[in-house]
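From first to last, the protein sequence lines are chains A and B.
Using the numbering used here, read the first sequence as starting at 25 and increasing by one per residue.
Using the numbering used here, read the second sequence as starting at 25 and increasing by one per residue.
2 protein chains.
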Amino acid sequence: MTLKVHFKPTDIVRLADVKNASRQIRPYIHRTPVLTCESLNRMVGHNLFFKCENLQKTGAFKFRGAVNAVSQLNDAELENGVVTHSSGNHAAALAQAARIFGTKAHIVMPSSASSIKRKAVIEYGGNVIECQPNLDSRLEYAERVQAETGATMIPPFNDPRIIAGQGTAALEFLQQVPNLDLLIAPIGGGGLISGTCVTSTAISPRCKVIGAEPEGADDAFRSKEAREMLPQTNPQTIADGLLTSMGKLTWPYVRDLVRQVVTVSDEETVKAMRLFLERAKVLIEPSSAVALAAAFSPKLNSSGSDRNIGIILSGGNVDLDHLPW
Amino acid sequence: MTLKVHFKPTDIVRLADVKNASRQIRPYIHRTPVLTCESLNRMVGHNLFFKCENLQKTGAFKFRGAVNAVSQLNDAELENGVVTHSSGNHAAALAQAARIFGTKAHIVMPSSASSIKRKAVIEYGGNVIECQPNLDSRLEYAERVQAETGATMIPPFNDPRIIAGQGTAALEFLQQVPNLDLLIAPIGGGGLISGTCVTSTAISPRCKVIGAEPEGADDAFRSKEAREMLPQTNPQTIADGLLTSMGKLTWPYVRDLVRQVVTVSDEETVKAMRLFLERAKVLIEPSSAVALAAAFSPKLNSSGSDRNIGIILSGGNVDLDHLPW
Numbered sequence: 025m026t027l028k029v030h031f032k033p034t035d036i037v038r039l040a041d042v043k044n045a046s047r048q049i050r051p052y053i054h055r056t057p058v059l060t061c062e063s064l065n066r067m068v069g070h071n072l073f074f075k076c077e078n079l080q081k082t083g084a085f086k087f088r089g090a091v092n093a094v095s096q097l098n099d100a101e102l103e104n105g106v107v108t109h110s111s112g113n114h115a116a117a118l119a120q121a122a123r124i125f126g127t128k129a130h131i132v133m134p135s136s137a138s139s140i141k142r143k144a145v146i147e148y149g150g151n152v153i154e155c156q157p158n159l160d161s162r163l164e165y166a167e168r169v170q171a172e173t174g175a176t177m178i179p180p181f182n183d184p185r186i187i188a189g190q191g192t193a194a195l196e197f198l199q200q201v202p203n204l205d206l207l208i209a210p211i212g213g214g215g216l217i218s219g220t221c222v223t224s225t226a227i228s229p230r231c232k233v234i235g236a237e238p239e240g241a242d243d244a245f246r247s248k249e250a251r252e253m254l255p256q257t258n259p260q261t262i263a264d265g266l267l268t269s270m271g272k273l274t275w276p277y278v279r280d281l282v283r284q285v286v287t288v289s290d291e292e293t294v295k296a297m298r299l300f301l302e303r304a305k306v307l308i309e310p311s312s313a314v315a316l317a318a319a320f321s322p323k324l325n326s327s328g329s330d331r332n333i334g335i336i337l338s339g340g341n342v343d344l345d346h347l348p349w
Numbered sequence: 025m026t027l028k029v030h031f032k033p034t035d036i037v038r039l040a041d042v043k044n045a046s047r048q049i050r051p052y053i054h055r056t057p058v059l060t061c062e063s064l065n066r067m068v069g070h071n072l073f074f075k076c077e078n079l080q081k082t083g084a085f086k087f088r089g090a091v092n093a094v095s096q097l098n099d100a101e102l103e104n105g106v107v108t109h110s111s112g113n114h115a116a117a118l119a120q121a122a123r124i125f126g127t128k129a130h131i132v133m134p135s136s137a138s139s140i141k142r143k144a145v146i147e148y149g150g151n152v153i154e155c156q157p158n159l160d161s162r163l164e165y166a167e168r169v170q171a172e173t174g175a176t177m178i179p180p181f182n183d184p185r186i187i188a189g190q191g192t193a194a195l196e197f198l199q200q201v202p203n204l205d206l207l208i209a210p211i212g213g214g215g216l217i218s219g220t221c222v223t224s225t226a227i228s229p230r231c232k233v234i235g236a237e238p239e240g241a242d243d244a245f246r247s248k249e250a251r252e253m254l255p256q257t258n259p260q261t262i263a264d265g266l267l268t269s270m271g272k273l274t275w276p277y278v279r280d281l282v283r284q285v286v287t288v289s290d291e292e293t294v295k296a297m298r299l300f301l302e303r304a305k306v307l308i309e310p311s312s313a314v315a316l317a318a319a320f321s322p323k324l325n326s327s328g329s330d331r332n333i334g335i336i337l338s339g340g341n342v343d344l345d346h347l348p349w
């Protein structure tokens, strides 16, 4: 006779893990501020609250997960370094997290990655290894580095330590603004939205978690409609942090705990990014503007009683020589 | 026999006036936040504290003085409206202040004023009257409006109510960060720096007030060197808020209470503006970037013991279609 354990995929990360992560990373991260902007409130007809992870160290929420993962390595693992493949904010976050813990970060970056992103990784002390701009090449190079150095792989989102770390943003947010009716976060690989679901569902169950996606990279939206995980092929969007498909660990959160996925056009995203800079005077990257655009979207299912809308502004790393307007 | 009253020009506005202004304007203004940015601290080797008046209502500190002035008008004066001539932030600030107090603002703007600035004034309900782009035309039109409407003139800086209002920014700042060693503010007409001197000298006498000016509009610097008020002729700078000459009421503060005026090139200003957006993710206008550039300037007389430098970021109204890089 076997004992059946009823273990839902969404139980892989629990509130206790997020709280542990929060304690673990506290000495290293910023408790980012929550901004409000009256003129945006007037425009949208709700009270908007912005959790400014664009002001997080390394300019994105990614630093939370990276620090949480690296802080759990033992001495032998720290001796051998860490490795990841990323063209964006996870790369810079892991490089800086590794530096804090005195270890080496090997970052496999596609040759198509922007020179700004590459520069940031190098500035944080990361060892950049260039690969071809496709997933096969990225995985191949990362595995080769692992084999050669014994470095520990720290994936960008499909990892319980990463999800728990990203969930600390919503934990702080709901402490700073306890009475949110909606909480919007962008969906790329799903690390941020999954951590947000863990936290919000546990401590503020009546707050609805909304995912935001670009129309040109809408795997979460389509997957939720189909009730099965569909991959993102050939993504087309300026939101360069949201190109990737969800992972096996993050999809269940989107499927079961995200109330709605709102898709927005790149035009809406650019408009939101520019509006935020003009009115709130704060720079956000397109991947964050997707979440702001969702708050303005007629597609968003919000009722008259949904007055307080929280938005996680995921990052602020923008190439100022190539602003998208 | 006459009793001689020793009344220094710098006594025209006192700390009590600033404190009164602070009480008067409190319901209408933002208590703006103070930001810090570790990567800028590392670059400059000091602790920088940024008083974010770019996040003030109407996007600039000017709103403080305008509200303070308009709030002191009696019912008969409010009946007849207010008038000013300005191409910039004072125009928008006065329009919004007038709206709050239910009166009309007539704003004489040169035809050369940017369409963004004109749009802002109209959005705040101001009545824009176009004049030729020179001081004579501005004064002529403003006097004509005064004669026709009976409106009260609210000058942009050369007015005790305005100086007292602008001094409330430093009052908040020194409450938020009591141990500043240096306090840097830009000098245009001198309203902000004068109010800053009143406040800082009274409540934090060991804090040195530093003025920042563009090299191409350096009347305060030259005046201080010459010990007499010299006008600004033919100013050439991208810091469009700092083109004007000081007034008779503001010059004595610069002469007697400002420790040093640091001039910076437009190149340094643009670099500072861009750096702040890239690192702090916050948008400031060139006139504010002048003060940040002064903190980085080798001309700044700061000693090793000057560790905490406060900078008043005066505004954030920028035409995003014409960023200066």
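Glycine included, each C-beta is placed from N, C-alpha and C at the ideal position.
N-terminal and C-terminal residue of the alpha helix (DSSP H) that residue i is part of
| i | result |
| --- | --- |
| residue 114 of chain A | 113 to 124 |
| residue 186 of chain A | 184 to 200 |
| residue 227 of chain A | 215 to 227 |
| residue 39 of chain A | 39 to 49 |
| residue 266 of chain B | Counting along the chain, residue 266 of chain B falls outside any alpha helix (DSSP H), and DSSP gives it neither H nor E. |
| residue 246 of chain B | 243 to 250 |
Helix, strand or coil at residue i according to DSSP, with G and I counted as helix
| i | result |
| --- | --- |
| residue 75 of chain B | strand |
| residue 307 of chain B | coil |
| residue 151 of chain A | strand |
| residue 284 of chain A | strand |
| residue 322 of chain A | coil |
| residue 13 of chain B | This structure leaves residue 13 of chain B out entirely; chain B is present only between 25 and 349. |
| residue 296 of chain A | helix |
| residue 67 of chain B | helix |
| residue 271 of chain B | coil |
| residue 82 of chain A | helix |
| residue 276 of chain B | helix |
| residue 257 of chain B | coil |
| residue 34 of chain A | helix |
| residue 328 of chain B | coil |
| residue 58 of chain B | strand |
| residue 89 of chain A | helix |
| residue 317 of chain B | helix |
| residue 100 of chain A | helix |
Span of the beta strand (DSSP E) around residue i
| i | result |
| --- | --- |
| residue 209 of chain A | 206 to 210 |
| residue 22 of chain A | Residue 22 of chain A cannot be examined here, being either before or after the span of chain A that is shown, 25 to 349. |
Counterpart residues of residue i in DSSP-defined beta bridges
| i | result |
| --- | --- |
| residue 129 of chain A | A/106 |
| residue 333 of chain A | A/72 and A/206 |
| residue 339 of chain A | A/84 |
| residue 180 of chain A | Answer by DSSP bridge pairing: none, since residue 180 of chain A is not bridged. |
| residue 134 of chain B | B/155 |
C-alpha distance - residue i paired with residue j, whole-angstrom precision
| i | j | result |
| --- | --- | --- |
| residue 110 of chain A | residue 197 of chain B | 41 Å |
| residue 347 of chain A | residue 115 of chain A | 22 Å |
| residue 194 of chain B | residue 326 of chain A | 42 Å |
| residue 303 of chain A | residue 340 of chain B | 9 Å |
| residue 52 of chain A | residue 71 of chain B | 19 Å |
| residue 134 of chain A | residue 170 of chain A | 17 Å |
| residue 290 of chain B | residue 118 of chain A | 37 Å |
| residue 328 of chain A | residue 66 of chain A | 15 Å |
| residue 84 of chain A | residue 244 of chain B | 42 Å |
| residue 300 of chain A | residue 308 of chain A | 8 Å |
| residue 192 of chain A | residue 177 of chain B | 53 Å |
| residue 215 of chain A | residue 181 of chain A | 5 Å |
| residue 318 of chain B | residue 168 of chain B | 40 Å |
| residue 157 of chain B | residue 136 of chain B | 6 Å |
| residue 226 of chain A | residue 42 of chain A | 11 Å |
Residue i: CB within 8 Å of a non-hydrogen atom of the ligand MN
| i | result |
| --- | --- |
| residue 313 of chain A | You won't find the ligand MN in this model; it holds no ligand whatsoever. |
Proximal residues of chain C, C-beta to C-beta of residue i below 8 Å
| i | result |
| --- | --- |
| residue 298 of chain B | The structure shown contains no chain C; its protein chains are A and B. |
Can you list, in chain order, the residues of the region 290 to 314 of chain B whose Cβ is nearer than 7 Å to any Cβ on chain A?
-> Within the region 290 to 314 of chain B, contact with chain A at the beta-carbon level (separation under 7 Å) is assigned to 298, 301, 302, 305, 306 and 307.
Return the residues of the region 72 to 83 of chain A that lie within a Cβ-Cβ distance of less than 9 Å from chain B, sorted by chain order.
-> 76, 78, 79, 81 and 83
Looking at chain B, which residues of the region 200 to 221 of chain A have a Cβ within less than 7 Å of any of its Cβ atoms?
-> none
Got a sec: which bits of the region 332 to 343 of chain B sit with their beta carbon under 7 Å from any beta carbon on chain A, in order along the chain?
-> 340
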